[in-house]
Every structure is written in structure tokens, then in C-alpha cells.
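K.L.:
Heads up: the sequence lines are chains F and Y, in that order. 114 is the number of the first residue of the first sequence in this note's numbering; add one for each residue after it. 114 is the number of the first residue of the second sequence in this note's numbering; add one for each residue after it.
Protein chains: 2
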Amino acid sequence: MDHIGPILYELSGRDDRRFSPFCWKSRMALAHKGFFPPGIPVTFTDKDSIAFSGQERVPILIDNGVVITDSWMIACHLEDFYSDRPTLFGGAMGRSLAGLIDTWATRSAFPLLVRLVLCDVIDHLDKADAEYVQASRERQMSTTFVSMRQDRDQWLRPFRDSLTPARSHLKRQGFLSGNTPGYADYCLFGFFQWARMISPYPIIEDTDPVSLWRSRMLELFDGYAAKSPAHAD
Amino acid sequence: MDHIGPILYELSGRDDRRFSPFCWKSRMALAHKGFFPPGIPVTFTDKDSIAFSGQERVPILIDNGVVITDSWMIACHLEDFYSDRPTLFGGAMGRSLAGLIDTWATRSAFPLLVRLVLCDVIDHLDKADAEYVQASRERQMSTTFVSMRQDRDQWLRPFRDSLTPARSHLKRQGFLSGNTPGYADYCLFGFFQWARMISPYPIIEDTDPVSLWRSRMLELFDGYAAKSPAHAD
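#1: By alpha-carbon positions, which one of R329(F), T256(F), W268(F), S260(F) ends up nearest to L289(F)?
#2: Relative to chain Y, which residues along the region 204-217 of chain F have a C-beta separation below 8 Å, given in chain order?
#3: Let's test the definition: count the other Cβ atoms within 10 Å of the Cβ of L255(Y) and tell me whether it reaches 16, buried, or not, exposed.
#4: Hey, quick one: how far does the alpha helix (DSSP H) through I120(F) stretch, first residue to last?
#5: In this structure, does DSSP put D321(Y) in helix, strand or coil?
#6: Taking 8 Å as the CB-CB cut-off, is M114(F) touching chain Y?
#7: Quick check on the DSSP output: the alpha helix (DSSP H) that includes P134(Y) runs from which residue to which?
#8: Suppose you measure from the CA of D128(F) to the CA of S196(Y); what does that come to, to the nearest Å?
#9: Can you pull the chain F residues whose beta carbon is under 8 Å from the beta carbon of G291(Y), in chain order?
#10: Using a Cβ-Cβ cut-off of 8 Å, state whether S166(F) counts as contacting chain Y.
#11: On the DSSP bridge assignment, give the partners of G291(Y) in chain order.
#12: Taking Cβ positions only, does R228(Y) come closer than 8 Å to chain F?
#13: Would you call the region 283-298 of chain F in contact with the region 191-206 of chain F, where contact means no fewer than 3 C-beta pairs closer than 8 Å?
#14: Name the chain Y residues that come within less than 9 Å of T277(F), Cβ to Cβ?
#15: Considering only residues of the same chain and omitting the five flanking positions on each side of F301(Y), which have a CB-CB separation below 6 Å?
#16: Measure the Cβ-Cβ separation of W307(F) and F132(F) and say whether it is below 8 Å.
#17: Tell me, please, which residues DSSP counts as bridged to K174(F).
#18: Name, in chain order, the residues that DSSP records as bridge partners for I153(F).
#19: Give a yes or no on whether the minimum CB-CB distance between A295(Y) and chain F is below 8 Å.
#20: Does the separation of the CB atoms of P150(Y) and P119(Y) fall below 8 Å?
#21: Which class does Q168(Y) belong to by DSSP, given the choice of helix, strand or coil?
#22: Any idea what DSSP makes of P313(F), helix, strand or coil?
#23: For the alpha helix (DSSP H) containing K240(F), name the first residue and the last one.
#24: Mind checking whether K138(F) and S184(F) have CB atoms under 8 Å apart?
#25: Closer than 7 Å by beta-carbon distance: list the chain Y residues that pair up with H282(F), in chain order.
#26: Evaluate F258(Y) with the Cβ neighbour count: other Cβ atoms within 10 Å of its Cβ, from every protein chain shown; 16 or more gives buried, anything less gives exposed.
#27: Is Q253(Y) close to chain F? Criterion is C-beta to C-beta, closer than 8 Å.
#28: What three-state label does DSSP hand S341(F) in the structure shown?
#29: Consider the Cβ of F258(Y): report whether some Cβ of chain F lies at a distance smaller than 8 Å.
#30: Run the CB neighbour count on G336(F), radius 10 Å, all protein chains shown included, and call it buried at 16 or more, exposed below.
#31: Candidates T182(F), L226(F), R130(F), Q286(F): which alpha carbon is nearest R273(F)'s?
#32: Just confirm the distance between the C-beta atoms of E123(F) and G152(F), as a whole number of angstroms; I'd bet it's less than 8 Å.
#33: In three-state terms, what does DSSP make of L371(Y)?
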């Protein structure tokens with residue numbers, strides 16, 4: 114039987130490991146709306162299979178004949194098109210604030226997390242992808258993966274400090290969005306899931322409220338995110 | 114005629130200058146709900162007048178016989194008690210996310226702004242308050258106001274960097290909360306209003322989207338915040 118419902122094109126590494134943080138934002142948003150599509154894997158160096166989208170990045174959602182790129186646009190589409198299902202934003206103001214938190218997670222916490230775990234991603238890529246990713250990222254960041262691995266301890270404290278607002282918030286409640294999770298949670302979680310799937314580096318202490326929140330996130334939707342392989346699996 | 118409606122106790126400096134960022138959060142939240150109470154001034158060293166609240170900090174709201182302390186609790190009270198007036202949060206999820214952004218502004222941007230402008234606050238305090246504030250803050254921060262003034266330029270870039278998420282967001286829309294302002298906007302704005310009222314230090318470039326947003330915030334409610342004296346006034 115054909116898959117009915119949204120289709121997600123998502124990044125895949127070796128052995129079908131799907132670790133993209135931005136794809137995880139969309140995966141969790143889809144799950145929130147009750148969708149668990151199998152997903153169509155795309156490797157870093159295979160851009161042909163997504164040329165139909167007119168751009169070169171995943172996630173890409175195909176839903177009811179519409180092609181949507183960019184994780185934020187995908188979330189907005191899901192919220193608007195499936196407004197009778199559980200809400201991702203809780204209204205117009207919540208949508209705007211979730212967008213701000215998405216930007217905060219992407220611009221404040223993620224660049225520091227990159228310093229901690231990106232160098233390990235090549236352990237989970239086929240040769241062509243590994244070479245492409247290492248060369249392009251080393252060029253972008255004006256450093257080498259070897260240097261990043263050597264120097265990463267110095268970025269641990271800044272990364273953990275960058276989570277201060279979330280940590281303070283999560284001391285008082287279960288999720289960033291309230292007593293139940295919303296899209297803002299999925300935005301930050303995507304980066305944690307990425308780290309978990311590519312690197313053994315201990316990015317956060319087990320007793321940190323953010324770590325406890327991450328555990329709750331992993332267990333959502335019958336352990337949906339927890340079932341994906343961690344680094345060592 | 115007696116004032117009808119909420120009463121706000123707020124911090125006051127010399128010549129009745131009311132610059133407290135946390136009081137401004139409450140002032141703007143009150144204005145959002147249609148209230149412009151005259152406010153009862155409290156100086157740093159006069160704690161007797163607010164002893165009735167069982168604690169020593171402002172803002173304090175008295176409304177319908179209830180005493181509410183803490184700017185966040187005041188916002189929640191206004192939202193719940195005046196639910197028929199314009200919303201500060203836009204629902205439960207928006208409330209939670211506004212709380213996170215409140216924490217972000219307070220824990221990420223504000224400590225850096227303190228490094229830029231706090232040393233100027235004594236220009237706007239009577240002698241007793243100036244001595245109290247300088248001594249207590251120098252002790253808390255393990256530095257002197259003289260050193261802070263000498264070293265402040267080095268904190269300008271980190272402060273502006275801390276605004277990256279807001280800046281990125283405000284390139285796309287008028288306010289943090291969407292096309293119209295909400296409590297998340299007032300949270301960040303309170304710190305800018307504080308800086309504007311106590312210090313001539315140029316904390317942000319005029320062309321910065323955050324500066325353009327600040328200008329819009331100053332003009333809200335018939336220029337409510339703009340009418341308060343700036344540093345040089």
C-alpha cells in the first residue's frame with residue numbers, strides 16, 4: 114500500500130543514519146501532528162534526487178501536492194493545514210515567539226555545539242560524503258576537524274552557558290512550551306538529537322535540567338527519537 | 114478624585130526619574146491592558162514604604178486588594194484578571210514562550226548591558242542611593258564603577274552579539290511577538306529603556322533592526338516610553 118500523507122526528504126548518513134538537526138525539527142513536528150512518514154533518504158553529495166525542489170537542502174516536505182522547503186516553513190504548513198490536530202504554536206503570538214526561540218537555538222546554542230561534536234560526524238558518513246563534509250565545513254569555519262577535536266573542551270562551558278535561559282525555564286516546568294511540548298521544544302531538541310546520533314562527546318551533565326528535558330523529549334511518541342541509533346549503536 | 118485601577122510601586126531615582134527595567138516591563142504590560150497608573154515612587158534606600166509587601170523589591174502591583182510582587186507574576190495577573198483586554202501572551206503556549214524569552218533577555222543580554230551602562234546610574238541618584246548602589250553592585254560584581262567605565266568598550270560587541278536572535282527575528286517582522294507587540298517585547302524593551310534613561314553610552318547602532326524596533330516601542334501608546342526623560346534630559 115502506498116504511503117498516504119506527508120512525505121519527508123531527509124538527510125541520511127552511512128547505514129541510513131538520519132541525524133540532521135533540521136530534519137529532526139520537522140520529524141518531531143510531523144509526529145506532533147500524528148504523522149510518522151518513512152522518509153526518503155538523501156545523502157550530502159546526492160543533490161539530484163531533490164533537484165525537483167529548486168534548491169539543495171533538506172528537509173523537504175511534499176504534502177497534498179505542495180513542495181515545502183525550510184524547517185520553519187514546514188512547521189507553519191503543518192500547523193495551518195492540520196489545524197484540527199494538536200497545535201505546534203498555540204496561536205499567532207506563540208508562533209512568532211517559537212520562531213524567535215528557533216532562531217535563538219540555531220544562532221546561540223548550535224554554533225557552540227558544532228564546536229563540540231561536528232568533527233565526529235565523519236564516523237557516520239560514506240567516504241564521498243565524509244570528504245565533502247569535512248572539506249566544506251573546514252573551509253567555512255577556517256579550521257580543521259583535527260583542531261576542532263583537540264580544542265573542543267574549551268567550548269563546553271560556553272555551550273552549557275548558552276543554555277542558561279532554557280535551563281532556568283526547565284527548572285519550573287516540563288517543556289519549553291509549557292506542560293506539554295511544542296515546536297519550540299522540537300527546535301532545540303533537534304540539535305541534541307543530532308549530537309546524540311553522531312558523537313560520544315558528553316555535552317551535558319545527567320543532572321542538568323536540560324538533560325532531564327532531553328530524556329523526556331526522547332520518550333515522546335512512544336520513544337520515537339529514542340529508537341534512532343545513538344552514536345555508539 | 115482617587116485613582117481607580119491598579120497601583121504600581123516603582124523604583125525612582127533623583128528628580129523622580131523612574132528607570133528600573135523590571136518596572137518598565139510592568140509599566141508597558143499595564144499600558145498594553147489600558148492602564149497608565151501614576152505609580153508610587155520608591156528609592157533604593159527606602160524599603161519601609163514597601164514593607165507591607167513582605168519583601169524589598171519593586172515592581173509591586175496592588176490591584177483589587179491583591180498585592181503582587183515580581184514582574185512576571187504581575188504580567189500573569191494582568192493577563193488573567195483582564196482577559197477581555199488585549200492579550201500579553203496570546204494563550205498558554207505563548208505565555209510559556211514569553212517566559213522563556215523574558216529569561217533569555219534577563220540572563221543573556223542584560224548582564225552584558227549592565228557592563229555598558231550601570232556605572233552611569235549614579236548620575237541619576239541622590240547621594241544616599243548613589244552610595245548604596247555603587248557599594249552593593251561593586252561588591253556583587255567584584256569590580257569598581259571606575260573600572261567598569263574604563264573597560265566597557267570591550268563589552269559592546271558581546272552585548273550586540275547577544276541580540277542576534279532578536280535582530281534576525283526583527284528583520285522579518287515588526288515586533289518579537291509578531292505584527293503587534295506582546296509581553297516578550299516589553300521584557301527586552303525594559304532593559305533598553307533603562308539604558309536610555311541612565312546613560313549616554315551608544316549601546317546600539319541606529320541602523321540596527323533592534324534599534325528600529327526600540328524606536329517603535331518608544332512610540333507605542335502615544336509615545337508613552339518616549340515621554341520619559343532620556344539620559345541627557
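The beta carbon of each residue, even a glycine, is placed where N, CA and C say it ideally should be.
P.N.:
According to the structure shown:
#1: Counting from one through the first sequence, the residue named residue 289(F) turns up at place 176. Comparing Cα-Cα distances from L289(F) to each of R329(F), T256(F), W268(F), S260(F), the minimum goes to R329(F).
#2: Residues of the region 204-217 of chain F whose Cβ lies closer than 8 Å to any Cβ of chain Y, in chain order: G204, A205, M206, G207, R208, S209, L210, A211, G212, L213, I214, T216, W217.
#3: As a first step, residue 255(Y) is located in the second sequence; it is residue number 142 there, counting from the start. The displayed chain sequence assigns Ser, not Leu, to residue 255(Y). S255(Y) should be labelled exposed.
#4: The count along the first sequence starts at 1 and reaches residue 120(F) at position 7. According to the DSSP assignment, I120(F) belongs to no alpha helix (DSSP H) but to the beta strand (DSSP E) extending over 120-124.
#5: In the second sequence, residue 321(Y) corresponds to position 208, counting from 1. It is coil, neither helix nor strand.
#6: Translated into the one-based positions of the first sequence, residue 114(F) becomes position 1. Because the pLDDT of M114(F) is 43, which lies under 50, any placement of that residue in the model is unreliable, and the question is left without a value.
#7: One-based indexing of the second sequence puts residue 134(Y) at position 21. Segment 134-145, the alpha helix (DSSP H) holding P134(Y).
#8: Reading the first sequence from its first residue, position 15 is the one you call residue 128(F). Reading the second sequence from its first residue, position 83 is the one you call residue 196(Y). Roughly 53 Å between the two C-alpha positions.
#9: Indexing the second sequence from 1 puts residue 291(Y) at position 178. Chain F residues near G291(Y): A205, M206, R208, S209.
#10: Along the first sequence, read from residue 1 onward, the residue named residue 166(F) stands at position 53. At least 8 Å separates the CB of S166(F) from every CB of chain Y.
#11: As a working mapping, residue 291(Y) is identified with position 178 in the second sequence. G291(Y) is bridged to F288(Y).
#12: The sequence position of residue 228(Y) within the second sequence is 115, counting from 1. No, because no Cβ of chain F sits closer than 8 Å to the Cβ of R228(Y).
#13: Counting C-beta pairs closer than 8 Å gives three or more between the region 283-298 of chain F and the region 191-206 of chain F, which meets the contact rule.
#14: Taking the first sequence and counting its residues from 1, the one referred to as residue 277(F) is at position 164. Within chain Y, T216, W217, R220, S221 have C-beta atoms less than 9 Å from the C-beta of T277(F), given in sequence order.
#15: The residue you call residue 301(Y) lines up with position 188 of the second sequence. Note that residue 301(Y) corresponds to Leu in the displayed sequence, not to Phe. Answer for L301(Y): A218, listed in chain order.
#16: Taking the first sequence and counting its residues from 1, one reaches residue 307(F) at position 194. Taking the first sequence and counting its residues from 1, one reaches residue 132(F) at position 19. Yes, they are a contact pair.
#17: Position 61 of the first sequence holds residue 174(F). At residue 174(F) the sequence reads Leu, which differs from the Lys that was named. L121(F), I181(F).
#18: On the first sequence, residue 153(F) is found 40 positions in, with the first residue counted as 1. I153(F) is bridged by DSSP to Y122(F).
#19: In the second sequence, counting from the first residue as 1, residue 295(Y) sits at position 182. Inspection of the sequence shows that residue 295(Y) is occupied by Gly rather than by Ala. Chain F, which has a Cβ nearer than 8 Å to the Cβ of G295(Y), makes this yes.
#20: Position 37 of the second sequence holds residue 150(Y). Position 6 of the second sequence holds residue 119(Y). Yes, these two residues count as a Cβ contact at 8 Å.
#21: For this step, residue 168(Y) is matched to residue 55 along the second sequence. Coil.
#22: Sequence index remark: in the first sequence, residue 313(F) carries index 200 (1-based). P313(F): coil per DSSP, three-state reduction.
#23: Position 127 of the first sequence holds residue 240(F). Run containing K240(F): 240-254, per the alpha helix (DSSP H) assignment.
#24: Residue mapping note: residue 138(F) aligns to position 25 of the first sequence, counting from 1. Residue mapping note: residue 184(F) aligns to position 71 of the first sequence, counting from 1. Yes, they are a contact pair.
#25: Here residue 282(F) refers to the residue found at position 169 when the first sequence is read from its first residue. Within chain Y, the residues near H282(F) are G212, L213, T216.
#26: Translated into positions along the second sequence, residue 258(Y) becomes position 145. Around the beta-carbon of F258(Y), 16 or more other beta-carbon atoms lie within 10 Å, marking it buried.
#27: One-based indexing of the second sequence puts residue 253(Y) at position 140. Judged by the 8 Å Cβ criterion, Q253(Y) is not in contact with chain F.
#28: Here residue 341(F) refers to the residue found at position 228 of the first sequence. In this structure, S341(F) counts as coil in the three-state DSSP scheme.
#29: Reading the second sequence from its first residue, position 145 is the one you call residue 258(Y). Chain F, which has no Cβ nearer than 8 Å to the Cβ of F258(Y), makes this no.
#30: Indexing the first sequence from 1 puts residue 336(F) at position 223. Around the beta carbon of G336(F), a 10 Å sphere encloses fewer than 16 other beta carbons of the protein chains shown; the residue is thus reported as exposed.
#31: Locating residue 273(F) in the first sequence gives position 160, where the first residue counts as 1. For R273(F), the closest of T182(F), L226(F), R130(F), Q286(F) by C-alpha to C-alpha distance is L226(F).
#32: Here residue 123(F) corresponds to residue number 10 of the first sequence, with the count starting at 1. Here residue 152(F) corresponds to residue number 39 of the first sequence, with the count starting at 1. At roughly 5 Å, the Cβ-Cβ gap stays under 8 Å, so E123(F) and G152(F) are in contact.
#33: Because residue 371(Y) is not part of the residues shown, which for chain Y are 114 to 346, the question remains open.
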